[in-house]
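In this text, residue positions in the sequence shown follow the UniProt record's numbering: the first is 1, and each later residue adds one. Note that beta-carbon positions come from the ideal geometry of N, C-alpha and C, so glycine has one too. Here's the structure we're looking at; comments come further down.
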Amino acid sequence: MAIKNNQLADIATLKNKGGEILIAPSDAFLELISHYAKSYNLPFLVSLENSFEALNSGALAYELGQNFVDNAFENTRLVRFMEVSRALQIPMLLDKVNSIATLKLIKAFNDLGAKLQAQTPLSHLILDESVYEDYEPRFKIAPPLRDKEGQNALKEALKNNEIAMLTSLHASKNSNAELFEESAFGCESIEDAFSVAYTFLVQKKVISFQQLIKVMATNQAKFLKLNAGEVKENQLANLMIVDLNAQTRVSNQNSPFYGLELYGEVQRMILNGQTTFIKENACKS
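Written as structure tokens, this is what we have:
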């Protein structure tokens, strides 16, 4: 990470110890970090800290009386990174992109020569802000969900390859509060991410199965310059074995997908050629 506790890390040391990417949670020290990135040929993961407001601005936020993110200001900090990418030719992955306005800016800057890619939360493609009407703490996600129109626009962007990668946005809730207002922000979803994506994006014909693999594995590996992301000779054996016909139900009550019936159950996970997870009663050979 380039910045921690508002202090600049020793980037040269991190690079010498095998660091391959800079993570920027804020735009502090942006000019200095950018020159390090250019000098050491390191890409940026721009994952700006959330404002931690419960909803986006709009009619529903006013109706429910909740604090909201003012959409007029959501891209002001991101634009600084976009311009740095254009000017210094630094590859950047913009994390948690969840609005069409941001995607339009990414396209505009890329047309000017920037090297930007977007990573979008899976939750924002599957759910919309209408779930907030139930005041359930499991839906308290940062950044907040969009309205139905915004959600559908994100699906179209994914279909048109404007979104390069998907993220589970996994973050432990660290709270058992029963009231929405008192609950911590979080999104416990990584264990069901593939099944959710397969069920709602592939089976619903938003994208193909091949495209799903690209946005959940191949593109990430390419951005990080990993010898992984595909199943082929001489690549690391990092993979999942999935039964696409098997059904499963989300059992984690802190997950925004709790209770959903899904297809595509993960049977086995392999990391560096070693099995790290195997489902009970799954084939072990």
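Expected contact under 8 angstroms - CB spacing of residue i and residue j to nearest Å
i: K140; j: S183; result: 5 angstroms
i: L127; j: L169; result: Going by Cβ atoms, the distance from L127 to L169 rounds to 11 angstroms, so no, they are not a contact pair.
i: residue 287; j: L145; result: Nothing about residue 287 can be read from this structure; the chain reaches only from 1 to 285.
i: residue 297; j: L45; result: Not covered by the structure: residue 297. The range shown for the chain is 1 to 285.
i: V202; j: S208; result: 7 angstroms
i: G186; j: A237; result: About 32 angstroms; that fails the 8 angstroms criterion.
i: Y40; j: I21; result: That belief does not hold up - the Cβ atoms of Y40 and I21 are roughly 11 angstroms apart, past 8 angstroms.
Minimum C-alpha distance to residue i - residue among the options
i: V242; options: E233, Y132, I213; result: I213
i: residue 287; options: E20, D27, N281, Y132; result: In the structure as shown, the chain begins at 1 and stops at 285. Residue 287 is therefore absent and cannot be evaluated.
i: A142; options: K155, I21, D95; result: D95
i: T120; options: E136, R138, D111, G150; result: G150
i: P256; options: Y135, Q210, N161; result: Y135
i: K115; options: Q274, A101, L88; result: L88
i: I90; options: Q117, Q253, L103; result: Q117
i: G18; options: L226, G273, T199, Q253; result: L226
i: I163; options: F180, S130, R86, V215; result: V215
i: A197; options: C187, T167, A228, Q253; result: T167
i: E49; options: R77, I33, N41; result: R77
i: V206; options: S172, N98, K159, V231; result: K159
i: A24; options: P43, E178, K15; result: P43
i: N98; options: A153, A108, F81, K107; result: A153
i: K38; options: R86, D27, A28; result: R86
i: S34; options: L103, K279, K204, V84; result: V84
i: residue 300; options: K155, F81, M240; result: Within the shown structure, residues of the chain are numbered from 1 to 285, placing residue 300 beyond reach of any answer.
i: I171; options: D147, N281, N254, V250; result: Checking the displayed sequence, the identity of residue 171 turns out to be Ala instead of Ile. When each option's Cα is compared against that of A171, the closest is N254.
i: L262; options: M269, L271, L244; result: L244
i: V231; options: K148, L271, Q267; result: L271
i: A246; options: K222, Q267, G229; result: Q267
i: L28; options: S47, T13, L14; result: Going by the sequence as given, residue 28 is Ala instead of Leu. Cα-wise, what sits closest to A28 is S47.
i: H211; options: N252, E233, A157; result: What sits at residue 211 in the sequence shown is Gln, not His. Ranking N252, E233, A157 by Cα distance to Q211 puts A157 first.
i: K15; options: L32, N161, Y36; result: Y36
i: K148; options: M165, I100, N161, L179; result: I100
i: N252; options: M82, L32, F81, N176; result: N176
i: Q235; options: R249, T218, M82; result: T218
Strand pairing of residue i, partner residues [DSSP]
i: P121; result: T167
i: V46; result: A24, L94
i: V231; result: According to DSSP, V231 bridges with nothing at all.
i: L116; result: M92
i: I278; result: R268
Residue burial classification, residue i (beta-carbon count within 10 angstroms, cutoff 16)
i: G259; result: exposed
i: T276; result: exposed
i: Q220; result: buried
i: F73; result: exposed
i: G264; result: buried
i: L79; result: First, the amino acid is wrong: residue 79 is Val here, not Leu. So V79 counts as exposed.
i: L200; result: At residue 200 the sequence reads Phe, which differs from the Leu that was named. Buried, by the Cβ-count rule.
i: D192; result: buried
i: E129; result: buried
i: R138; result: buried
i: L103; result: buried
i: L30; result: buried
i: K173; result: buried
i: A108; result: exposed
The ligand PLP heavy atom lying under 7 angstroms from the CB of residue i
i: N41; result: The ligand PLP is absent from the structure shown, which contains no ligand whatsoever.
Alpha helix (DSSP H) segments (min. 4 residues) lying fully within the UniProt domain "Amidohydrolase-related" (147-275): 148-159, 193-197, 209-213, 219-223
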